[in-house]
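S.K.: Below you will find the structure I want to go over with you.
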Amino acid sequence: MSDEAKNEISTEEQVETKVKWTCEIPTITKEKPWTVGHRHTLSCRGDSTAQLAEPIKIIVKLPAPQKSNAQLPKEGKAVEPQEDPTKDFALKILETKNIDDDSGDFVVTSYKPNKYNNIEIILEGAKGEQIFVEPMSWQVTSVLTQQNKNGFGPTSPLVLEMPWFYWLGIIAAIFVILLLLGSKLFFYLKWKEQTRKIESFSTALSPTNQFYKDVRSLNSDYKGDAENSVSETHAKEYWQKLEEQFKLYLVREFKVPAYQLKNSLIVKKIKKKNSHIWNVRLEGKLNRILAEFEKGNNIKDTIKVGELKQMEKLCQEFIELIKKNSKVGRVK
Numbered sequence: 014m015s016d017e018a019k020n021e022i023s024t025e026e027q028v029e030t031k032v033k034w035t036c037e038i039p040t041i042t043k044e045k046p047w048t049v050g051h052r053h054t055l056s057c058r059g060d061s062t063a064q065l066a067e068p069i070k071i072i073v074k075l076p077a078p079q080k081s082n083a084q085l086p087k088e089g090k091a092v093e094p095q096e097d098p099t100k101d102f103a104l105k106i107l108e109t110k111n112i113d114d115d116s117g118d119f120v121v122t123s124y125k126p127n128k129y130n131n132i133e134i135i136l137e138g139a140k141g142e143q144i145f146v147e148p149m150s151w152q153v154t155s156v157l158t159q160q161n162k163n164g165f166g167p168t169s170p171l172v173l174e175m176p177w178f179y180w181l182g183i184i185a186a187i188f189v190i191l192l193l194l195g196s197k198l199f200f201y202l203k204w205k206e207q208t209r210k211i212e213s214f215s216t217a218l219s220p221t222n223q224f225y226k227d228v229r230s231l232n233s234d235y236k237g238d239a240e241n242s243v244s245e246t247h248a249k250e251y252w253q254k255l256e257e258q259f260k261l262y263l264v265r266e267f268k269v270p271a272y273q274l275k276n277s278l279i280v281k282k283i284k285k286k287n288s289h290i291w292n293v294r295l296e297g298k299l300n301r302i303l304a305e306f307e308k309g310n311n312i313k314d315t316i317k318v319g320e321l322k323q324m325e326k327l328c329q330e331f332i333e334l335i336k337k338n339s340k341v342g343r344v345k
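Per this note's numbering, the very first residue in the sequence shown carries number 14; after that it's consecutive.
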């Protein structure tokens, strides 16, 4: 027998000994088509053979895509058949659910959208043993819509919505700014009103001369021509009038609203506005005068005439000291 005849017989025996199975994917339906990346069950049945060793993989016999005319080889050159280099993505085993001598179930997926018709498949075990599968047909659709495939045209700039706390922060900042402006406006108007009132107490005479004139007028009203001193019945009223005239002197001399401030604030504001002539001595005298006036106003009994004279003397001493300091610029 010739060598060619022996080779033909050997080839026929190999073809006859090929194990063939039939596989299907029952989980694919019209209502549930196969999309890229989704998992399905590949069920295979066929001839009994030795069980495939795991891990099992699928070999897909997928022809290469047809070339365009520009890519075709020139005449006279042999064209070798080629396979699609991406064939391994067409059908891939993720998990072997069960495998025995004549059947197997596998979890498979596909990463390549396409319509596959009569594709040859081989199941190959870890030791290289193979089971040939009858040609299969299946279809895998893309998860992209037609718009995704065609791309997107020019769009307007993306506008991001600000979170609610961003707008709340802006509103709070605006509120604080308005509050500050409102408070500044309020105190400015209040200051203007005080300034207007203070200016309304101004006279043609100097503050010192105006105080002495007002005190003489008090003496004329309460002592009279026949009396040399204020009667005890009018002492309290005279005391209050003297306090009023002294505070008006402070208003005219230092431009502070002494008529509506507490004693501590009167001293504080005068000290702040007249630091160039102010010292401890002046502060002590003014504190004593204001404290004595307050003490006399709180007395329920009548005020003694001697206390009135003492109070007039304290006021005159303070006023003369201020007059002296205004000329020198500082108390020595």
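Note that beta-carbon positions come from the ideal geometry of N, C-alpha and C, so glycine has one too. Bear in mind the structure is a predicted one, so any value in this text is a computation, not a measurement.
1) Between G182 and L278, what straight-line distance do the alpha-carbon atoms span, to the nearest angstrom?
2) Across which residues does DSSP place C328 in a beta bridge pair?
3) Rounded to the nearest angstrom, what separates K286 and N310 at their Cα positions?
4) Select from L157, K140, K128 the residue whose C-alpha is nearest the C-alpha of M149.
5) State the DSSP-derived secondary structure class of A83, mapped to helix, strand or coil.
6) Based on Cα-Cα distance, which residue from D101, F267, V280 lies nearest to S339?
7) Go ahead and label E256 buried or exposed: buried means 16 or more other beta carbons lie within 10 angstroms of its beta carbon, across all protein chains shown.
8) Roughly how many angstroms lie between the CA atoms of L327 and L198, to the nearest whole one?
9) Nearest by alpha-carbon distance to K105: which of P68, L202, L192 is it?
10) Can you list, in chain order, the residues of its chain whose CB lies under 6 Å from that of T221, leaving out five sequence neighbours each side?
11) Among the residues of its own chain, which have a CB less than 8 Å from the CB of N300, if the five just before and after it don't count?
12) Report all residues from its chain with a CB closer than 7 Å to the CB of Y251; omit the five preceding and five following residues, and keep chain order.
13) Got a sec, what are the start and stop residues for the alpha helix (DSSP H) R209 sits in?
14) For S61, does the three-state DSSP call read helix, strand or coil?
15) If you draw a straight line from the C-alpha of L202 to the C-alpha of V318, how long is it?
16) Assuming contact is defined by CB atoms lying nearer than 9 Å, are I38 and I134 in contact in what I supplied?
17) With a threshold of 16 other CB atoms inside 10 Å of the CB of R343, please say whether the residue is buried or exposed.
18) Would you give the residue range spanned by the beta strand (DSSP E) that V264 belongs to?
19) Thinking C-alpha only, which one of L75, L107, T62 is nearest D113?
20) Going by beta carbon distance, what residues of the same chain come within less than 6 Å of F259, once the five residues before and after it are set aside?
21) Grab me the residues of Q152's own chain with a C-beta within less than 6 Å of its C-beta, minus the 5 sequence neighbours each way, in chain order.
22) Roughly how many angstroms lie between the CA atoms of K43 and L65, to the nearest whole one?
23) Would DSSP call V318 helix, strand or coil?
24) Assuming L136 contacts V146 under a Cβ cut-off of 8 Å, what Cβ separation, rounded to an integer in Å, is found between them?
25) Do L334 and K303 come within 9 Å of each other at the CB atom, strictly closer than that value?
26) What is the rounded straight-line gap between the Cα of P46 and the Cα of S123?
27) State the beta-bridge partners of Q152 as determined by DSSP.
M.R.: Per the coordinate set shown:
1) 39 Å
2) None, per the DSSP bridge assignment.
3) 28 Å
4) K128
5) With a pLDDT of 48 at A83, under the threshold of 50, the modelled position of this residue cannot be trusted, and the question is left open.
6) F267
7) buried
8) 40 Å
9) P68
10) I332, K336
11) N276, V280
12) L231, Y235, V243, L321
13) 177-213
14) coil
15) 43 Å
16) no
17) The predicted position of R343 is uncertain, since its pLDDT is 45 and thus under 50; a value taken from the coordinates is nonetheless stated next. Exposed.
18) No beta strand (DSSP E) holds V264; the alpha helix (DSSP H) holding it covers 248-267.
19) T62
20) C328
21) K128
22) 33 Å
23) helix
24) 6 Å
25) The question names Lys, yet the displayed sequence has Leu at residue 303. Cβ distance not < 9 Å, so L303 and L334 don't count as in contact.
26) 12 Å
27) K128
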